[in-house]
Structures are given as structure tokens and as C-alpha cells.
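See structure below.
Number of protein chains: 2
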Amino acid sequence: MADRIPSDAPSPAPLLVVGSVAFDNVITPFGQKERILGGAASYCSLAASYFAQVRMVGVIGNDFGDEHLERLRSRGIDLEGVQLDESGPTFFWKGKYHENFNRRDTLDIQLNVFENFRPDLPESYLDSEYVLLGNIHPALQMHVLDQMPGDPFVLADTIDLWIEVERKALLDLIKKVSLFVINDSEAEELTGEKNVILAGRKLRQMGPETVIVKKGEHGAVLFHEDGLFALPAYPVTDLRDPTGAGDSFAGALIGRLASRRRTDFAAIKEAMIHATCVASLTVEEFGCDRLESAGVETIAERAESLLRLISPE
Amino acid sequence: MADRIPSDAPSPAPLLVVGSVAFDNVITPFGQKERILGGAASYCSLAASYFAQVRMVGVIGNDFGDEHLERLRSRGIDLEGVQLDESGPTFFWKGKYHENFNRRDTLDIQLNVFENFRPDLPESYLDSEYVLLGNIHPALQMHVLDQMPGDPFVLADTIDLWIEVERKALLDLIKKVSLFVINDSEAEELTGEKNVILAGRKLRQMGPETVIVKKGEHGAVLFHEDGLFALPAYPVTDLRDPTGAGDSFAGALIGRLASRRRTDFAAIKEAMIHATCVASLTVEEFGCDRLESAGVETIAERAESLLRLISPE
Numbered sequence: 001m002a003d004r005i006p007s008d009a010p011s012p013a014p015l016l017v018v019g020s021v022a023f024d025n026v027i028t029p030f031g032q033k034e035r036i037l038g039g040a041a042s043y044c045s046l047a048a049s050y051f052a053q054v055r056m057v058g059v060i061g062n063d064f065g066d067e068h069l070e071r072l073r074s075r076g077i078d079l080e081g082v083q084l085d086e087s088g089p090t091f092f093w094k095g096k097y098h099e100n101f102n103r104r105d106t107l108d109i110q111l112n113v114f115e116n117f118r119p120d121l122p123e124s125y126l127d128s129e130y131v132l133l134g135n136i137h138p139a140l141q142m143h144v145l146d147q148m149p150g151d152p153f154v155l156a157d158t159i160d161l162w163i164e165v166e167r168k169a170l171l172d173l174i175k176k177v178s179l180f181v182i183n184d185s186e187a188e189e190l191t192g193e194k195n196v197i198l199a200g201r202k203l204r205q206m207g208p209e210t211v212i213v214k215k216g217e218h219g220a221v222l223f224h225e226d227g228l229f230a231l232p233a234y235p236v237t238d239l240r241d242p243t244g245a246g247d248s249f250a251g252a253l254i255g256r257l258a259s260r261r262r263t264d265f266a267a268i269k270e271a272m273i274h275a276t277c278v279a280s281l282t283v284e285e286f287g288c289d290r291l292e293s294a295g296v297e298t299i300a301e302r303a304e305s306l307l308r309l310i311s312p313e
Numbered sequence: 314m315a316d317r318i319p320s321d322a323p324s325p326a327p328l329l330v331v332g333s334v335a336f337d338n339v340i341t342p343f344g345q346k347e348r349i350l351g352g353a354a355s356y357c358s359l360a361a362s363y364f365a366q367v368r369m370v371g372v373i374g375n376d377f378g379d380e381h382l383e384r385l386r387s388r389g390i391d392l393e394g395v396q397l398d399e400s401g402p403t404f405f406w407k408g409k410y411h412e413n414f415n416r417r418d419t420l421d422i423q424l425n426v427f428e429n430f431r432p433d434l435p436e437s438y439l440d441s442e443y444v445l446l447g448n449i450h451p452a453l454q455m456h457v458l459d460q461m462p463g464d465p466f467v468l469a470d471t472i473d474l475w476i477e478v479e480r481k482a483l484l485d486l487i488k489k490v491s492l493f494v495i496n497d498s499e500a501e502e503l504t505g506e507k508n509v510i511l512a513g514r515k516l517r518q519m520g521p522e523t524v525i526v527k528k529g530e531h532g533a534v535l536f537h538e539d540g541l542f543a544l545p546a547y548p549v550t551d552l553r554d555p556t557g558a559g560d561s562f563a564g565a566l567i568g569r570l571a572s573r574r575r576t577d578f579a580a581i582k583e584a585m586i587h588a589t590c591v592a593s594l595t596v597e598e599f600g601c602d603r604l605e606s607a608g609v610e611t612i613a614e615r616a617e618s619l620l621r622l623i624s625p626e
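See the structure below:
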């Protein structure tokens, strides 16, 4: 079994992760890599696997070798919900980051089998108490929730594309979300508020119980009914490839909550600390490599170090 | 006597503040104000006056009415070092902030009596144990230190202009500085490092014992031999005029240290919390108005609230 960060709960709750699985070509100022494992579901699941029992849902094509499945499997991730569609290749994305990493251009995108993806859940996933809806089309995110008989804790992520072309579906979706995670520029796009504090408050009025606005290298802010929490980023000095940072953050965040079976203010703050550290590992190498090899000790050390970084004592 | 935030030291140490005194015309998206009291020395001194006994050094011209001196005096600020130069008007600056406050244009600048300013210290100021060198020419900052017989704790601030045109003098100056405070874009300009963590470390290698890099709405990072401390900004939702935010931060920071007679890692962290809160007050109104009227209770409340904002518990 894959190693996990210890939790104070007797056993972690099962966590359902839904999103894209992709091959990425990534170009950064530090070099480039071709056909590396990517997609929100991959990053989210690997990140969450350090904390909870992950049940993954996604689609792969006829070019997806077993070695990639084995990478996920060896982190203890349940792949029953990963559909194999023999009719074409796996989702493909090619992107290039600029000098300061603040901007990236998509150079090529081929949806391939992802175009007809429908996240139907295996019977065995239906009792998942925690759900991570990766940044896929909000109608697909809703389709996942529609299948769940219970009342799971739901974290949803999104991207600017859905704010621009599927605003109504997205607004419907976030009404059903427990924890909505969004970056600062998307928060501004969705609310019209430039000020992060006002944007976060407005987002909570739009439905989600709790909101986290991510500010990249400047950290993240939590908006909860019990108060605000501002957390700086982990001090990364060796940024290589930001791809998957947000997905890793979301995966580790809800993975930690599921592992503790807690979703109160203090638990979300504690989970943000882990999520920040896991995301900091992801960006230190291309693709999932560093995330996959990090190990629980490194994550725990970073969490200690981040706590010292923010301690006013 | 002006009200002060209580300190755990028996009596605050005297604090010398040197900088410009100005009249500002400020234009922001919220309106404009003409000929309001400004300049680094004014903001620094008013901010520090909530904590310590301030001794101010600067120059005013023949247009500087007594009502402005009275504003400073009523905050308990010692004005013996403020020189009256009858030969011309006070330093004048006119600036305009853009929509998001991230950029400002200087529309007019008239040095006036500031052009021949030489910060000669009154005899009674020479025993100051704490010194704040506002962002004036580095040769003038050095002139202040040259007059001090003792070994005071020195905080220095600067602006991009000196990095561009007086780099050598600035590099000489910061070797003698205990605490160098600089904003992120200036830190990059001075070190060539885009990454704030690397830039801060490099700055410490250039001489100052301790460095704080300010990131505006994203807070500030402290680089100290005992470690790093990252502090988010106070969550301001009512930004009116950012003028003087940096000066207020520096003034409150060293004011707090002087009031506690402590300059260790924990004391600097605690002072940063107060500095962040005082700066947050300054920007909520044009000029010094909010800073001046804030009162110790409001500052103490904000410090409590900022501590809650960063608490992981």
C-alpha cells in the first residue's frame, strides 16, 4: 500500500476524484518535456493519495500505456472508474510558459476521447463521502453530483473557459458545492471584483459554503463562515513547471480533509497548509515526477516549515 | 501627550526620523486632493508616534503653515530638527494613481527647499537609539549616520530612483543598515532576482543584517538570520490613496521596536504586524488623515484581527 500522512481519524473517508487525464507537452524557460502524464484527475489523485483512499474517474485513449496506469495504481489509487475508450488517443495539451511563469500560451489542444467523456460512476464509488470535481465542464461536474445518493462534501475547481462560455451552468453547479477553489483572476472574472477580499465574500454569496481564492506565489485566502484565513505560499526557489499546481493543491486539500473526516474551519486551515506544500513540490519538476516521488516525510517537513514561516511567535 | 500603544518596556527608546516633508496633490479613481501634508518624514513620524517618542528631521518652506506643524506636534513629535527655509516653498509632488492602484504617474515634482536640504542633527537628537532613514538620497542618509556617535539600530527605506541613479551610494549605505525595507519591484531591480525569496537572501548578503521585502496587497516577507516570516497584508476593502503606505509601515515598524527596546526576530515579527495594520489605515483615506485620526484602539483591534487572520489554529 502507498504511504500516507498519518491522520487523527480512525480511518480516512473514501474520496472520489473526477477530471481529465492527459498527455502534456510542456515548454518552460527551463526546458521542455513531451507526452508526460497530466490532466487534473492525475495531479489531483496523486496529491490526494498521500492522505486518503482515492477513487479516480476519467477517460484514457488507445495510446495510454499501462506504465502510466501503474504509476497511479502504485500510489494506491482505485482506477475502476477510469474508462478506456479505444476509439482514439488520450486528451493532449501543449503549452508554453513565459519568462516569469505568470502567463502561459496553449499551443495545441486535442480533446480526442475526452470529447465524448461522461463521468459515469461505478457502483462501488457511490458511497464516497468526499468528492473532488476537477475543472471539467460544469455540466459534467453536475452529472457526477446527480449520481451521488448521499450528501458528500464537494470541492469544485474550475477554469476561466467555463466562466466565459458556461457561466450559467457554473453558477448552478457552485450552489451545490461545499468548498469552491478558484484563482484570483478567475474570481475577478466571475464576480467583477478586483479586490480579493470582496471577490471571496461575493463568491460565498453565490452559493458555496466555503471559498478559497488562490493567488499563486502570493498564497491563498480562505473565506469561511467562521472567518478568514490568509496563508502565504511555500517559499519555492526552484520553480520548473507550474502545470498541475492548482490540481495538486485541490487534491491534497480534500485528501487531507477526507483523511481526518473533518471539514470545520480549523481543519480546512490545516488542510490548506498541506495543500500548499504538496503544490510546492509539484512545481519543482516537470509533470507529476516530483509529486509522485516526494514521499510523506518531505511533505510533513514542508508542513512544519510552512508553520514556522507563518508563526508570529 | 499623544496616546501610544502600550509596551512591555519601562520606557520607549527615542527614535530619530529623517525624510522629506511635502505638499502633495493626489489623484486617485476616488477623487483628488490638493496641497495635503505628505512626504516620507510626515508619514513615518505620524505612524511611529503611536509607539515611540519621535524626533523628526526635515525641511519646510515659506508656505508651510503652522497648522501642519501643529498636527505633528499634537502627536507628540519633537520638531526641533525640522528646518524652516524661508528662501522658497516646500517640496511639492503631484501624482495620479490608475484604476488598480498598481501604477502611479508623477505629474509634477518641484523640489523647492528640499533641493538644498542637509539633514544636520540637533545636539539633542544625537543619543537616539533608533533611526529611521526615509527614502531620501543615500548620501544624505549616510550623512545622518555619520553624525551619530553611538551604534543605533538603523532602518533604511529607498526608492527606485536611487537604485537607478545612485546605486553605488545606496550599496555603501545599506552595509551600515540594521533593517533594510524595500518593495518587491525595487528588490528585483537591486538584485536582478525576480523570485522574492532569492532576492531577499541576496539583499542580506549585500550588508543589512535583516531585510523586509514588501509586496503591497500581498503582504511582506522578513529575512532574518533566525529565519523567514511571511505576513499577509491586512485585508483592506476600502483603498482610497496608497500614498504613504510604505512610509507608515516603516514608521510603525521601527516605532514599535523602539517602544519595546527589542530588535530580535520575534520582536521584528510582532512589529511587522503593527506596521501592516498602521499602513492599512493610512490607505483608507487621502493623505495622513486616517493615520492621524486612527487612535490606539483601532490599531490594537486591527493587530488582533490580523493575528486571527494568520492563525492556523
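Protein chains in written order, with the working numbering: chain R, 1 to 313; chain S, 314 to 626. Note that the Cβ used here is the ideal one computed from N, Cα and C, for glycine as well.
Review point. Looking at the structure shown, is THR276/R part of a helix, part of a strand, or coil, going by DSSP?
Key: Reduced to three states, the DSSP call for THR276/R is helix.
**Study point:** Completely contained alpha helix (DSSP H) runs for the region 217-275 of chain R, where each covers 4 or more residues
**Key:** As far as the region 217-275 of chain R is concerned, its whole alpha helix (DSSP H) runs of at least 4 residues are 245-260.
Check your understanding: Should LYS489/S be flagged as near chain A, meaning a C-beta pair shorter than 8 angstroms?
Key -> The structure shown has no chain A; the protein chains it does contain are R and S.
Review point. Where ALA580/S and SER320/S are concerned, what is the direct C-alpha to C-alpha distance, given to the nearest angstrom?
Key: Between ALA580/S and SER320/S, the C-alpha separation is close to 12 angstroms.
Review point. How far does the beta strand (DSSP E) with LYS202/R in it reach, from first residue to last?
Key: Per DSSP, LYS202/R lies in no beta strand (DSSP E); the unbroken alpha helix (DSSP H) holding it starts and ends at 196-205.
Check your understanding: Who are the near neighbours of GLY287/R in its chain, counting only those whose CB is closer than 8 angstroms to its CB and skipping five residues on each side?
Key -> Excluding residues within five positions, the ones whose Cβ falls inside 8 angstroms are ASP24, VAL26, LYS33, ILE36, LEU37, GLY38, ASP241, THR243, GLY244.
Practice item. For GLY192/R, go through chain S and note every residue whose CB falls closer than 9 angstroms to its CB, in chain order. Key: Identification of chain S residues near GLY192/R by a Cβ-Cβ cut-off of 9 angstroms yields none; the smallest Cβ-Cβ distance measures about 13 angstroms.
Review point. By Cβ distance, which residues of its chain are closer than 6 angstroms to VAL57/R, with the 5 residues on each side in sequence left out?
Key: Correct list, in chain order: VAL18, GLY81, PRO119.
Check your understanding: So is ALA579/S in contact with chain R if we call contact Cβ pairs under 8 angstroms?
Key -> Yes, its Cβ sits closer than 8 angstroms to a Cβ of chain R.
Review point. Secondary structure at GLN460/S, three-state DSSP: helix, strand or coil?
Key: When DSSP states are grouped into helix, strand and coil, GLN460/S belongs to the helix group.
Point to revise | Per DSSP, cross-strand counterpart(s) of GLY58/R | key: Partner(s): VAL82/R.
Exercise for review: Would you check if the region 400-420 of chain S and the region 456-471 of chain S touch, i.e. whether three or more CB-CB distances between them fall below 8 angstroms?
Suggested key: They do not touch, by the three-pair rule.
Exercise for review: Output yes if chain S places a C-beta closer than 8 angstroms to the C-beta of THR276/R; else output no.
Suggested key: By this cut-off, THR276/R is not an interface position.
Check your understanding: My guess is that ARG386/S and PRO327/S are in contact by the Cβ rule of under 8 angstroms, so how many angstroms apart are they, rounded?
Key -> Your pair ARG386/S and PRO327/S does not check out as a contact, with CB atoms roughly 16 angstroms apart and the cut at 8 angstroms.
Practice item. May I ask which residues mark the beginning and end of the alpha helix (DSSP H) holding ALA361/S? Key: Counting along the chain, the alpha helix (DSSP H) containing ALA361/S begins and ends at 353-361.
Practice item. Consult DSSP for LYS527/S and reduce its assignment to one of helix, strand or coil. Key: Looking at LYS527/S - three-state DSSP - the assignment turns out to be strand.
Exercise for review: Taking only beta-carbon positions, decide if ARG197/R is within less than 8 angstroms of chain S.
Suggested key: Sequence check: residue 197/R is Ile here, not Arg. Closer than 8 angstroms to some Cβ of chain S, the Cβ of ILE197/R qualifies, so yes.
**Study point:** Reference ASP63/R; option with closest CA among ALA22/R, SER42/R, ALA40/R
**Key:** Nearest C-alpha to ASP63/R: ALA22/R.
Exercise for review: Using beta-carbon positions only, say whether LEU445/S and CYS357/S come within less than 8 angstroms of one another.
Suggested key: Yes. Within cutoff.
Exercise for review: In angstroms with no decimal places, state the Cα-to-Cα distance between LEU619/S and ASP497/S.
Suggested key: The alpha-carbon atoms of LEU619/S and ASP497/S are separated by roughly 22 angstroms.
Practice item. Tell whether a beta-carbon distance below 8 angstroms holds between VAL236/R and SER293/R. Key: Not a contact, by the Cβ cut-off of 8 angstroms.
Review point. Using CA coordinates, which residue listed in ILE212/R, VAL211/R, LYS214/R, HIS218/R is at the minimum distance from LYS527/S?
Key: The shortest C-alpha separation from LYS527/S is found at HIS218/R.
Check your understanding: Mind pulling the chain R residues with CB within less than 9 angstroms of HIS531/S?
Key -> Within chain R, the residues near HIS531/S are LYS215, GLU217, HIS218, GLY219, PRO232.
Point to revise | Cα-Cα separation, ALA252/R to HIS274/R | key: Cα to Cα, the separation comes out at about 7 angstroms.
Check your understanding: Do we get a CB-CB distance below 8 angstroms when we pair PRO312/R with the residues of chain S?
Key -> Interface residue, yes.
**Study point:** ASN413/S, buried or exposed, once every other Cβ within 10 Å from all chains shown has been counted against 16
**Key:** Classified as exposed, ASN413/S has fewer than 16 neighbouring CB atoms from the shown chains inside 10 Å of its CB.
**Study point:** Delimiting residues of the beta strand (DSSP E) encompassing ALA500/S
**Key:** Here ALA500/S belongs to no beta strand (DSSP E); instead the alpha helix (DSSP H) covers 497-504.
Check your understanding: Are LEU228/R and LEU622/S close, meaning C-beta to C-beta below 8 angstroms?
Key -> A distance below 8 angstroms separates the beta carbons of LEU228/R and LEU622/S.
**Study point:** chain S contact for PHE223/R (CB, 8 angstroms cutoff)
**Key:** No - not a single Cβ of chain S is within 8 angstroms of the one on PHE223/R.
Check your understanding: Taking Cβ-Cβ distances shorter than 7 angstroms, what residues in chain R pair up with LYS582/S?
Key -> Residues of chain R passing the Cβ test: PRO312.
Check your understanding: So, does the CB of ILE273/R fall closer than 8 angstroms to a CB anywhere in chain S?
Key -> Judged by the 8 angstroms Cβ criterion, ILE273/R is in contact with chain S.
Check your understanding: How many whole angstroms separate the CB atoms of VAL591/S and SER572/S, which I take to be in contact at a CB cut-off of 8 angstroms?
Key -> Under the criterion of beta carbons closer than 8 angstroms, VAL591/S and SER572/S do not qualify as touching, at roughly 13 angstroms.
Check your understanding: Distance, Cα to Cα, ASN135/R vs ALA40/R?
Key -> Going from the Cα of ASN135/R to the Cα of ALA40/R covers about 7 angstroms.
Exercise for review: May I ask you to report which of helix, strand or coil DSSP gives ASN116/R?
Suggested key: Helix.
**Study point:** Reference ALA533/S; option with closest CA among MET519/S, GLY520/S, ARG517/S, VAL509/S
**Key:** For ALA533/S, the nearest C-alpha among the options comes from VAL509/S.
Check your understanding: If you draw a straight line from the C-alpha of GLU502/S to the C-alpha of LEU453/S, how long is it?
Key -> Those two C-alpha atoms are separated by around 21 angstroms.
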